[in-house]
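Q: Got a structure here, written out as C-alpha cells. Questions coming.
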Amino acid sequence: MEKYATVDESAFPLVRITFTGSKSSDSNFQDYLEETKNCYRHKRKLVLIFDASKASVPSFAHQKMQGDWLRENKQLMEDYCLGTAYVIPSAAIRTLLKMIFSFQRQPIPYQVFETNGEAEVWVKEVLAYNSR
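So that you can map any letter, position 41 of the sequence shown is 55 in my numbering, and since no number is skipped, the others follow by simple counting.
Written as C-alpha cells, this is what we have:
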C-alpha cells in the first residue's frame, strides 16, 4: 500500500507532513490520520507544516473523515499545536481545504502558503513568539 502522506518529526517541535500524491484509500488515509495524531504523544508544543504540493484530492468520504478527525482532536490541537502552515500551490487543493474546514473549523492559527520557504518562515516566527 502506498502512503497517502509521510510524517517527519526529525526537527521537532516542527513536524512536516508531506502528501505523496498517492490516491487516498480507506487504509492509507486512516494511517495518515493516526500518524498525525501520534505527533501529539509527547504532549509538548509543536507546529505543523502540511506540504500539499503533490497532494491528490481525497474522496468525499475521506474529506469527511478529516473533518471528523479535526472535531475529535480539537482539544489536543488547542493544547499543543501553536499553528499550522499549509503549502498549497494548487487552487483546487486550496478549495478542498476550505471545504474540509466548512465541516469543522480548525481550532488553531493557520496560514496557507504557495511555497515551503514561506511556510518555514511563518512557523519559525510562531515558535519564536511562543517561546517568550
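Beta carbons are placed, not taken as given, at the ideal position from N, Cα and C, and that holds for glycine. Just so we're clear, the structure is a prediction, and the values are computed from it rather than from any experiment.
Please classify threonine 50: does DSSP put it in a helix, a strand, or coil?
A: As a position in the sequence shown, residue 50 is number 36, starting the count at 1. It is helical.
Q: Just tell me which of Thr98, Lys88, Thr20 and Glu132 has its CA closest to the CA of lysine 68.
A: Position 54 of the sequence shown holds residue 68. When each option's Cα is compared against that of lysine 68, the closest is Thr20.
Q: Please report the residue range of the alpha helix (DSSP H) in which valine 135 lies.
A: Taking the sequence shown and counting its residues from 1, one reaches residue 135 at position 121. Note, valine 135: alpha helix (DSSP H), 130 to 144.
Q: In angstroms, rounded to a whole number, what distance separates the CA positions of alanine 142 and methionine 79?
A: Here residue 142 is taken as the residue at index 128 of the sequence shown, counted from 1. Here residue 79 is taken as the residue at index 65 of the sequence shown, counted from 1. Using only the alpha carbons, I get a separation of about 33 Å.
Q: What residue range is occupied by the uninterrupted beta strand (DSSP E) comprising tyrosine 124?
A: Residue numbering aside, residue 124 sits at position 110 when the sequence shown is read from its first letter. Run containing tyrosine 124: 124 to 127, per the beta strand (DSSP E) assignment.
Q: Between the region 20 to 33 and the region 43 to 54, can you find at least three pairs of beta-carbon atoms closer than 8 Å?
A: They touch, by the three-pair rule.
Q: Fully enclosed by the region 31 to 114, which alpha helix (DSSP H) runs are 4 residues long or longer?
A: The region 31 to 114 contains these whole alpha helix (DSSP H) runs: 40 to 52, 74 to 86 and 88 to 94.
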